[in-house]
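Student: If you use my numbering, the sequence shown corresponds to residues 14 to 415, in order.
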Amino acid sequence: MIILMTREIGPALAAVLAVFGILIAPLVQPAWLLSLLVILFSGVLLLIKGTRYVSISIIVTALLYGLGLLSLAVFASTLAIIVLGEFAFRATGGKPRSYIAYIVSGILGALAAMAYLGVFSPLTVLIGALVAVFLRAALVGREDALMIEALGVAMAQQLFFEIGYSIDLQSLLLAAVIALVFGYLSYHFRAADLSGLFSGAIIGLLLIVFADVRWFFIMLVFFILGSGATKFKYREKNDLGVAQSHGGVRGYLNVFANGLVATVGAVLYGITGHPACIALFLGSVASAAADTVASEIGVMGGRPYLITTLERVSPGTNGGVTLLGEAVGLGAAAFVSLTAWALGVADPWIAVIGMIAGFVGTNVDSVVGATLENRGVFGNAGTNLIATLGGGICAAGLALLL
């Protein structure tokens, strides 16, 4: 216990500094003066072993506040999440389960900080805490991780604080539980790593909060289709050298590449209510499903043709397509679109548009793979993002024309 206390004295002092900064925040004006005081006190922490990047994260947050880029509530909330969350993470051993301590302490500290300032914005706090643990998992091993966490949490919270989107607390809690349980199960069954867990939870939360749980179920259909296709004849694909690495475990790059455009569509729908946003969402998800299924199953359909020249290429070549891949890709897009129609998210016309856009999106992926990815301009995640964007824009455009 004594050894643990000695090792954590630096982070504990950082936590004390963060609490002190929050307490005096409403009393010290203008903002740059408080920022200067916090930076000066943080400079002392730089001299203590193990607190270098904790101190830098506080300094970065204070600078953003002093420059007027953060509201007082977001400044206080960011300090609470980063410093108290990091302290709890280290105090509990820094193991995977320590992320629970990070989330709980960060959320409670941020809510308390906002309450002290007379502000209640639980969605902002929840987004901030999830972004924090996501960045911590994604940047593990990097010395500057805390500095990037502070920037990410501050900017994410400021964005949602300014949007001012309202949702009742009960619905928010239910959305958080569903999103986190989904992320945990993905991690438990080795469909995602820790970064995939938290990035998936962020996407799930936003889908439910800004649209509703049916949109999350549609994304879940894609996830199940994609995971099933990845496991399909995995040993044979591995022998051919075309199987997904790490046993098909997805990281945050894959999650965001396939889900970012859809999430934007859901958020825009929540703010505007425009039906074109439904098409954007559905076209993107259908494209992600079609592309994943076409790639994972189509590779078993014999020697593929390069989509740009129709010459024969080796299985697994970027831009290679087979008749089997095209057929199962269209089938996956149709299944996702029919699910959206059955759930009442999309009307029949939007469902048809989603199916068409999904087929377009998977072929956009093949064209980009055959050209830009093969030249090293993009990696696989970049190609997937362009494909889902292409499918989403195609669907939104068709919806606006009809």
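Glycine included, C-beta positions come from ideal geometry on N, C-alpha and C.
When DSSP labels each residue in this structure, what does residue 96 get in the three-state scheme?
Tutor: Three-state result, residue 96: helix.
Student: Anyone know if the C-beta pair for residue 227 and residue 356 falls short of 8 Å?
Tutor: In contact: residue 227 and residue 356 (Cβ atoms closer than 8 Å).
Student: Which residues in the same chain as residue 237 place their Cβ atom closer than 7 Å to its Cβ, once the five residues preceding and following it in sequence are excluded?
Tutor: Closer than 7 Å at the Cβ level, and outside the excluded window around residue 237, lies no residue.
Student: Whole alpha helix (DSSP H) runs in the region 186-242 with 4 or more residues, listed along the chain?
Tutor: Entirely contained in the region 186-242, the alpha helix (DSSP H) runs reaching 4 residues are, in chain order, 207-223.
Student: At the level of alpha carbons, what is the spacing between residue 129 and residue 38?
Tutor: The alpha-carbon atoms of residue 129 and residue 38 are separated by roughly 10 Å.
Student: Could you tell me if residue 316 is buried or exposed, where buried requires 16 or more neighbouring beta carbons within 10 angstroms of its beta carbon?
Tutor: Flag for residue 316 reads exposed.
Student: Mapping DSSP to helix, strand and coil, what is residue 333?
Tutor: In this structure, residue 333 counts as strand in the three-state DSSP scheme.
Student: With the cut-off set at 8 Å, would you say residue 239 and residue 330 are in Cβ contact?
Tutor: The answer is no: Cβ separation not under 8 Å.
Student: By a C-beta neighbour count over all protein chains shown, 10 Å radius and 16 as the cutoff for buried, is residue 374 buried or exposed?
Tutor: Counting Cβ neighbours within 10 Å, residue 374 comes out buried, since at least 16 surround it.
Student: Our contact map puts residue 154 next to residue 208 with C-beta atoms below 8 Å; I'd like the distance itself, whole angstroms only.
Tutor: So it is not a contact: roughly 12 Å between Cβ atoms.
Student: The alpha helix (DSSP H) with residue 178 in it runs from where to where?
Tutor: No alpha helix (DSSP H) holds residue 178; DSSP gives it neither H nor E.
Student: Would you report the Cα separation of residue 404 and residue 362, rounded to the nearest angstrom?
Tutor: Roughly 16 Å between the two C-alpha positions.
Student: Spatial neighbours of residue 325 within its chain, please: CB distance less than 6 Å, with the 5 preceding and 5 following residues excluded, ordered by chain position.
Tutor: Closer than 6 Å at Cβ, skipping near neighbours: 316.
Student: Closer than 6 Å by C-beta to residue 112: which residues in its own chain qualify, once you throw out the five before and the five after it? Chain order, please.
Tutor: Counting only Cβ-Cβ distances below 6 Å, and skipping sequence neighbours, we find 146.
Student: Is the region 132-144 touching the region 37-54 in the sense that three or more CB pairs, one from each, lie closer than 8 Å?
Tutor: Because the criterion of three Cβ pairs below 8 Å is not met, the region 37-54 and the region 132-144 do not touch.
Student: Just to confirm the assignment: which complete alpha helix (DSSP H) runs, minimum length 4, are found wholly within the region 270-331?
Tutor: Entirely contained in the region 270-331, the alpha helix (DSSP H) runs reaching 4 residues are, in chain order, 288-311.
Student: When you compare the region 179-197 with the region 81-96, are there three or more beta-carbon pairs, one atom per stretch, that lie closer than 8 Å?
Tutor: Flag = no, the region 179-197 and the region 81-96 do not touch.
Student: Enumerate in chain order the residues of its own chain whose CB-to-CB distance from residue 281 is below 6 Å, with the five nearest sequence positions on each side excluded.
Tutor: Only 290 meet the Cβ criterion.
Student: Kindly indicate which residue of 343, 347, 310 and 192 has the alpha-carbon position closest to the one of residue 376.
Tutor: Among 343, 347, 310 and 192, the Cα nearest to that of residue 376 is on 343.
Student: Just the Cα atoms here: how many angstroms apart are residue 120 and residue 340?
Tutor: Taking the straight line from one Cα to the other gives about 47 Å.
Student: Whose C-alpha, out of 197, 274 and 334, is nearest the C-alpha of residue 397?
Tutor: For residue 397, the nearest C-alpha among the options comes from 274.
Student: With contact counted as at least three CB pairs below 8 Å, one residue from each stretch, are the region 156-174 and the region 188-207 in contact?
Tutor: The region 156-174 is not in contact with the region 188-207.
Student: Can you tell me whether residue 107 is helix, strand or coil according to DSSP?
Tutor: Coil at residue 107, not helix or strand.
Student: When the Cα atoms are used, what is the spatial distance from residue 174 to residue 292?
Tutor: If I take the Cα positions, the gap works out to 27 Å.
Student: Quick one: what's got a C-beta closer than 8 Å to residue 354's C-beta in the same chain, skipping five residues either side?
Tutor: Excluding residues within five positions, the ones whose Cβ falls inside 8 Å are 360, 361, 363 and 364.
Student: Roughly how many angstroms separate the alpha carbons of residue 416 and residue 191, rounded to a whole number?
Tutor: The first residue shown for the chain is 14 and the last is 415, placing residue 416 beyond what the model contains.
Student: With DSSP collapsed to three states, give me the class of residue 155.
Tutor: In this structure, residue 155 counts as coil in the three-state DSSP scheme.
Student: Closest to residue 126 by C-alpha separation, out of 108, 85 and 150, would be which residue?
Tutor: Answer by Cα proximity: 85.
Student: Hey, residue 314 and residue 337 are a contact pair by Cβ (cut 8 Å); roughly how many whole angstroms apart?
Tutor: Contact holds; Cβ gap of about 3 Å.
Student: Quick one: Cα of residue 176 to Cα of residue 320, how far?
Tutor: Their Cα atoms are separated by approximately 43 Å.
Student: Considering only DSSP beta bridges, list what residue 263 is partnered with.
Tutor: According to DSSP, residue 263 bridges with 205.
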